[in-house]
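Residue numbers (the UniProt record's numbering): 1 to 731.
Just so it is clear, CB atoms sit at the ideal spot from N, CA and C, and this is done for glycine as well.
To start, the structure itself, in structure tokens.
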Amino acid sequence: MSAPTPISISAFAEAQLQLLLQEHEAEVASSSLASTAASVSPSTRRTLQATGYALTGLVLSSCRTGLGGRVVGEFTPDPAIAPTGSNGGDARNSDGQLRLGSHGIRVGDVVRVNNVSAGSGKKSGKDKDKGKDGKDGGKGGAKGGPEGVVTRVSEKAVWIAFGQRGGGGGRSKEDDEAIEELWGKKLWAIKLANDVTYRRMRQTMEKMVKMTEGDHSHFMRVAFGHTTPLQPDYEGTGDVQFTDPTLNDSQKDAIRFALAARDIALIHGPPGTGKTHTLIELITQLIQKNKRILVCGPSNISVDNIVERLALKKVPVIRIGHPARLLPSVMEHSLEVLTQTSEAAGIVKDVRKEMDEKQASIRKTRTGRERRAIYDDLKLLRKEYRERESKCVDNLVRESSVVLATLHGAGGHQLKNQRFDVVIIDEASQALEAQCWISLLSAEKVVLAGDHLQLPPTVKSSKINTGDREGKGLAQQELAEIGKKEILQGVSLERTLFDRLLALHGPGIKRMLTTQYRMHEMIMRFPSNELYDSRLIAADSVKDRLLADLPYEVHGTDDAQEPLVFWDTQGGDFPERTEDSDVGKKEALLGDSKSNEMEALVVARHVDHLITAGIRPEDIAVITPYNGQLAVLSQMLREKYHGLEIGSVDGFQGREKEAVVVSLVRSNPEHEVGFLGEKRRLNVAMTRPRRHLCICGDSETLSRGSEFLNHWMKYLEEHADLRYPDAGDLL
């Protein structure tokens, strides 16, 4: 392979900064909160709660000191405006306690707690106080309320930890005082966009812009084509003694390669091939070689999955991250729990106890002067607590050989000045490149694991026609709009580091896992042939298994015996519908809202047949690429079958079910398929099931949409159980 063309690191980082700015602006503009956060009329609050963005009718019922010295408030329903139950009385649980109304606030959400009366425009003596920045403390309900992270939600209360929102730095406003202002008030909480990730990506790109050539590490020079990767050192690695007897040959080959690589290794893990399983063995091998490892992923769930598996192997690890966002099963490995349970924890316990006592004494004070004195004491105690905890944290992290964090979490203060021998990024093909560099600026050796043939990270600011965007980067007019003459052709947020390194240095830096443990062979064969060079092999344990073989009673119907079913709606009786432009705000939330109600009836009928055959609803998923169709399907099926999962194709990436029904929606005389022509989206859709895949769609429209779709339709017509629905039977 010829030498790669070098890319200017500073120009690349500048281009990313501009694109990140566009993306942040697009995210803010697309958020329904952007236009409603400042309006706090009762009807607006109810609308926000109904759409999952707010929780109304609250009062503060208790406070305590939580992990990391944070103030944790418990918020319960306001008895004066409690929701009404079906019998006309208050909505109460079996213990007689008031219940919160239906809402969409979840653990890990960043929220702001506002005083309802502050939105009326009237200013009481307390409300007219201004913060240090001179802004009105409560105007419009959109300023001044304390912000925090939801740590727990039950039917009767929600708990919010204030300070250090999103795992980032603390707030300038003293949380104790802000929270004290909430006692006795009618309150509501609104969900906020979490901008920590964006801020850290921007800071990282700004660092890269300012770097001189002398600041660039060897890995950075490799990553931007200024030098070629060093040859793997198999001799230095020696004979690898694997600890996991279940590894297959392709997994062992990938591990040997990653151990021998001296700067970069890509592990390509197609669906169901045991990518995370492979990484666990790799980490175990690196520990045996006394290497210090940082493991990252784009989401908390991707990181926690690795923590759980390492814990089973008794590997000592530290998980960095806001405790509200971690799975309960990994909490004992979290940095914040370890600072309280380790030998060093004693140095912070006495300060924490004193803080709790001070917090409790606030409610007993009679004068503002007394309260002010307690606030001042608390301020000093928090400062002392943070200093002691910081030393404790620093010692714990420095002594740990395996540290895990999300990609943006790797930019937190806990890892400042920490050095690692190897940085491993899981799900690297689902992360923005700028996000990856947060953990890579000082990296010596990097292992990226992922599948670049599935969906890249979601990018809201892309203006390119999604139907033919693949591999094209930014359109020429967009490059001109950015106004950066030195910006590089092909730079886009959708192009991941995994993709770019593979294109830059070729397949020599990659090893592919080839045995898959998820899908029936008939389901696997098409994506294997079209996308994975026919290299995927179905493991013996999965290649023939059917719904009829599930470990509970299933009737031997045709559906239970068929791994692949295609309901072909061709003929024009199942037309797609584009929502009217005057539907309003509800439709704006649905995005690209194509729907197909007749096709949804076919899907519902097939789900009925599966469940009648004995398949449990929780073993079935119904997925579709379009939010409009998602709304139609939810209305038809969600109440009927509790446990049935209904979601978008994009949202189901990384998931699997025994049976998956896919609604493709598109059916029109013009044979337009839009973003359905994106082969990576289709790859996600067709590789989610274990035993049964049912496709519903119009082969006439789809086969003319793209070459990939044309090949898929031919495969389904040849190998699937082909069925033609009768529109008259469905109505």
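_Whole-angstrom distance between Leu441 and Phe219, CA atom to CA atom_ = As a first step, residue 219 is located in the sequence shown; it is residue number 219 there, counting from the start. As a first step, residue 441 is located in the sequence shown; it is residue number 441 there, counting from the start. C-alpha separation (whole angstroms): 9 Å.
_Same chain only: Cβ atoms within 6 Å of Glu700, ignoring 5 sequence neighbours per side_ = Within the sequence shown, numbered from 1, the residue matching residue 700 stands at position 700. Gln570.
*Pull up the DSSP beta-bridge partners for Trp567, would you.*
Taking the sequence shown and counting its residues from 1, one reaches residue 567 at position 567. As DSSP reads the structure, Trp567 sits in a beta bridge with Cys696 and Arg723.
_Just checking Ala560 against the ligand FMN - is the residue's beta carbon closer than 7 Å to any of the ligand's heavy atoms?_
As presented, the structure is devoid of all ligands, the ligand FMN included, so that no description of it is given.
*Could I get the ranges of all uninterrupted beta strand (DSSP E) runs contained in the segment 240 to 304, with 3 residues as the minimum, in chain order?*
264 to 268 and 293 to 297
*Strand pairing of Trp188, partner residues [DSSP]*: Locating residue 188 in the sequence shown gives position 188, where the first residue counts as 1. Its beta-bridge partners are Asn114.
*Compare the C-alpha of Ala3 against each of Phe75, Ala26 and Arg221 and name the closest.*
Within the sequence shown, residue 3 is the residue found at index 3, counting from 1. It is Arg221 whose Cα lies nearest to the Cα of Ala3.
*Looking at C-beta atoms only, is the number of pairs between the segment 543 to 552 and the segment 608 to 625 that lie closer than 8 Å three or more?*
yes
*Distance between Leu716 and Leu722 (C-alpha atoms, nearest Å)*: Locating residue 722 in the sequence shown gives position 722, where the first residue counts as 1. Locating residue 716 in the sequence shown gives position 716, where the first residue counts as 1. Linking Leu722 to Leu716 through their CA atoms gives a straight-line distance of about 8 Å.
*Could you check what DSSP says for Lys657 in three-state terms: helix, strand or coil?*
Start at 1 with the first residue of the sequence shown, and residue 657 comes out as number 657. In the structure shown, Lys657 sits in a strand (DSSP, three-state: E or B).
*From this set, Pro245, Lys543, Leu497 and Pro146, which residue's C-alpha is nearest Thr515's C-alpha?*
In the sequence shown, counting from the first residue as 1, residue 515 sits at position 515. The residue with the shortest Cα to Cα distance from Thr515 is Lys543.
*What first and last residue would you give for the beta strand (DSSP E) that runs through Thr65?*
For this step, residue 65 is matched to residue 65 along the sequence shown. Note, Thr65: beta strand (DSSP E), Ala54 to Thr65.
*asked:* To the nearest angstrom, how far is the alpha carbon of Leu731 from that of Met598?
replied: Your numbering for residue 731 matches position 731 in the sequence shown. Your numbering for residue 598 matches position 598 in the sequence shown. Their backbone Cα atoms lie some 9 Å apart in a straight line.
_Span separating the alpha-carbon of Ser634 from that of Gln97_ = To locate residue 634, count along the sequence shown from 1; it is residue 634. To locate residue 97, count along the sequence shown from 1; it is residue 97. In a straight line, the C-alpha of Ser634 is about 31 Å away from that of Gln97.
_Contiguous alpha helix (DSSP H) assignments of at least 4 residues, all confined to the segment 342 to 413_ = 346 to 361 and 368 to 399
*Flag this pair as yes or no: are the beta carbons of Gly450 and Gln418 separated by less than 8 Å?*
Here residue 450 refers to the residue found at position 450 of the sequence shown. Here residue 418 refers to the residue found at position 418 of the sequence shown. Not a contact, by the Cβ cut-off of 8 Å.
*Can you tell me where the alpha helix (DSSP H) with Val158 in it begins and where it stops?*
Here residue 158 is taken as the residue at index 158 of the sequence shown, counted from 1. Counting along the chain, Val158 falls outside any alpha helix (DSSP H), though it belongs to the beta strand (DSSP E) covering Val158 to Phe162.
*Keeping to the same chain, check which residues put their C-beta closer than 6 Å to that of Pro575; ignore five residues upstream and five downstream.*
Counting from one through the sequence shown, the residue named residue 575 turns up at place 575. Ser667.
*Sorted by chain position, which residues of the same chain lie with C-beta nearer than 8 Å to residue 732's C-beta, five sequence neighbours on each side aside?*
There is no way to answer for residue 732, as the model of the chain reaches only from 1 to 731.
*Note down the Cα distance separating Leu182 from Val28, rounded to an integer number of angstroms.*
On the sequence shown, position 182 is the one that residue 182 refers to. On the sequence shown, position 28 is the one that residue 28 refers to. The alpha-carbon of Leu182 is positioned some 28 Å away from that of Val28.
_Quick check: Pro6 and His226, are their CB atoms within less than 8 Å of each other?_
Along the sequence shown, read from residue 1 onward, the residue named residue 6 stands at position 6. Along the sequence shown, read from residue 1 onward, the residue named residue 226 stands at position 226. A contact, by the Cβ cut-off of 8 Å.
_Just verifying my parser: in three-state terms, what is the DSSP assignment at Leu448?_
Within the sequence shown, numbered from 1, the residue matching residue 448 stands at position 448. DSSP places Leu448 in strand when its eight states are reduced to three.
*Met331 versus Val337: straight-line alpha-carbon distance, rounded*: By 1-based counting over the sequence shown, the position of residue 331 is 331. By 1-based counting over the sequence shown, the position of residue 337 is 337. Put simply, the backbone Cα of Met331 is about 7 Å away from that of Val337.
_Member of Thr76, Val158, Ser154 and Ala80 whose CA lies at the smallest distance from the CA of Val111_ = In the sequence shown, counting from the first residue as 1, residue 111 sits at position 111. Val111 has its Cα closest to that of Val158, out of Thr76, Val158, Ser154 and Ala80.
*Given Thr228 as reference, the closest of Leu60, Glu74 and Ile264 once Cα atoms are compared*: On the sequence shown, position 228 is the one that residue 228 refers to. Out of Leu60, Glu74 and Ile264, Ile264 has the C-alpha closest to the C-alpha of Thr228.
*Consult DSSP for Met519 and reduce its assignment to one of helix, strand or coil.*
Taking the sequence shown and counting its residues from 1, one reaches residue 519 at position 519. Coil, per DSSP.
*Look up Gln528 in the DSSP assignment and say whether it is helix, strand or coil.*
Reading the sequence shown from its first residue, position 528 is the one you call residue 528. The sequence given here places Ser at residue 528; Gln does not occur at that position. Under the three-state reduction of DSSP output, Ser528 falls in the helix class.
*Excluding the five sequence neighbours on either side, which residues of its own chain have a C-beta within less than 8 Å of the C-beta of Ile287, listed in chain order?*
In the sequence shown, residue 287 corresponds to position 287, counting from 1. Hits under 8 Å: Ile293, Val315, Ser401 and Val402.
*asked:* Using a 10 Å radius around the Cβ and a threshold of 16 neighbouring Cβ atoms, would you call Leu378 buried or exposed?
replied: For the purposes of this step, residue 378 is taken as the residue at position 378 of the sequence shown. Burial call: buried.
*With Ile320 as the anchor, note down where its beta strand (DSSP E) starts and where it stops.*
Translated into positions along the sequence shown, residue 320 becomes position 320. Run containing Ile320: none; DSSP gives neither H nor E here.
*For Lys191, which residues of its own chain have a beta-carbon under 6 Å away from its beta-carbon, when the five flanking residues on both sides are left out?*
Counting from one through the sequence shown, the residue named residue 191 turns up at place 191. Closer than 6 Å at Cβ, skipping near neighbours: Tyr53, Asp109 and Val111.
*Within the same chain, show all residues whose beta-carbon is closer than 7 Å to that of Ile374, passing over the 5 residues directly before and after it, in chain order.*
In the sequence shown, residue 374 corresponds to position 374, counting from 1. Residues Lys358, Ser361, Ile362 and Thr365 of the same chain have their beta carbon placed closer than 7 Å to that of Ile374, with the five preceding and five following residues left out of the count.
*Could you tell me the boundaries of the alpha helix (DSSP H) in which Ala434 lies?*
For this step, residue 434 is matched to residue 434 along the sequence shown. Unbroken alpha helix (DSSP H) run through Ala434: Glu433 to Trp437.
*What did DSSP end up calling Ser429 once you bin it into helix, strand or coil?*
Numbered from 1 along the sequence shown, position 429 holds the residue referred to as residue 429. Reduced to three states, the DSSP call for Ser429 is helix.
*Could you pull out every residue in the same chain whose Cβ sits closer than 6 Å to the Cβ of Ser120, ignoring the five residues on either side in sequence?*
Numbered from 1 along the sequence shown, position 120 holds the residue referred to as residue 120. In this prediction, Ser120 scores a pLDDT of 42, lower than 50, which makes its location untrustworthy; no coordinate-derived value is stated.
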